[in-house]
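Student: My structure is below; once you've seen it, I'll send some questions.
In the numbering used here, the protein residues as written are 63 to 183.
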């Protein structure tokens with residue numbers, strides 16, 4: 063009986079150690095997410111677009127009924143570990159939020175508590 067309890071305890075310890083050694087960091091080794099590039103919403107009557115450059119600058123614009131309008135330069139910072147994006151407009155106002163991104167899709171929080179979805183061009 064003591065032998066059975068010992069082996070059961072030993073098995074539980076091995077399982078716990080084995081499972082805890084598999085961390086999220088192991089899964090993320092070698093993968094880097096880059097926000098650099100041009101991202102656009104799906105075409106519609108009003109389409110928002112962003113271009114993020116590697117030097118921390120960018121430009122945003124809107125396309126209304128096929129016409130490019132409201133082009134504005136900005137600066138940004140992006141922390142790929144926390145996924146926090148901060149955009150500072152030419153007027154000095156900043157907006158920050160946690161984004162979701164992969165090599166094709168960028169989801170940014172909007173003012174209504176939802177997300178805006180952009181696609182890499």
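Backbone N, C-alpha and C fix where the C-beta goes; we use that ideal spot for every residue, glycine too. Treat the numbers as computed from the prediction; the structure is a model and nothing was measured.
State the DSSP-derived secondary structure class of residue 143, mapped to helix, strand or coil.
Tutor: Coil, per DSSP.
Student: Going by other Cβ atoms of all chains shown within 10 Å of its Cβ, with 16 needed for buried, is residue 160 buried or exposed?
Tutor: Exposed, since its Cβ has fewer than 16 Cβ neighbours within 10 Å.
Student: Locate the beta strand (DSSP E) running through residue 108, then write down its first and last residues.
Tutor: 108-114 is the extent of the beta strand (DSSP E) around residue 108.
Student: In its own chain, which residues sit with a C-beta less than 6 Å from the C-beta of residue 95, not counting the 5 before and 5 after it?
Tutor: The residues are 142, 163.
Student: Rounded C-beta distance between residue 101 and residue 182? I'm assuming under 8 Å.
Tutor: Yes, they are in contact, since the Cβ atoms of residue 101 and residue 182 sit about 6 Å apart, within 8 Å.
Student: Rounded to a whole number of angstroms, what is the C-alpha to C-alpha distance between residue 127 and residue 145?
Tutor: Whole-angstrom Cα-Cα distance: 32 Å.
Student: In the structure shown, what three-state DSSP assignment does residue 151 receive?
Tutor: Three-state result, residue 151: strand.
Student: Using a 10 Å radius around the Cβ and a threshold of 16 neighbouring Cβ atoms, would you call residue 151 buried or exposed?
Tutor: The residue is exposed, with fewer than 16 neighbouring Cβ atoms inside 10 Å.
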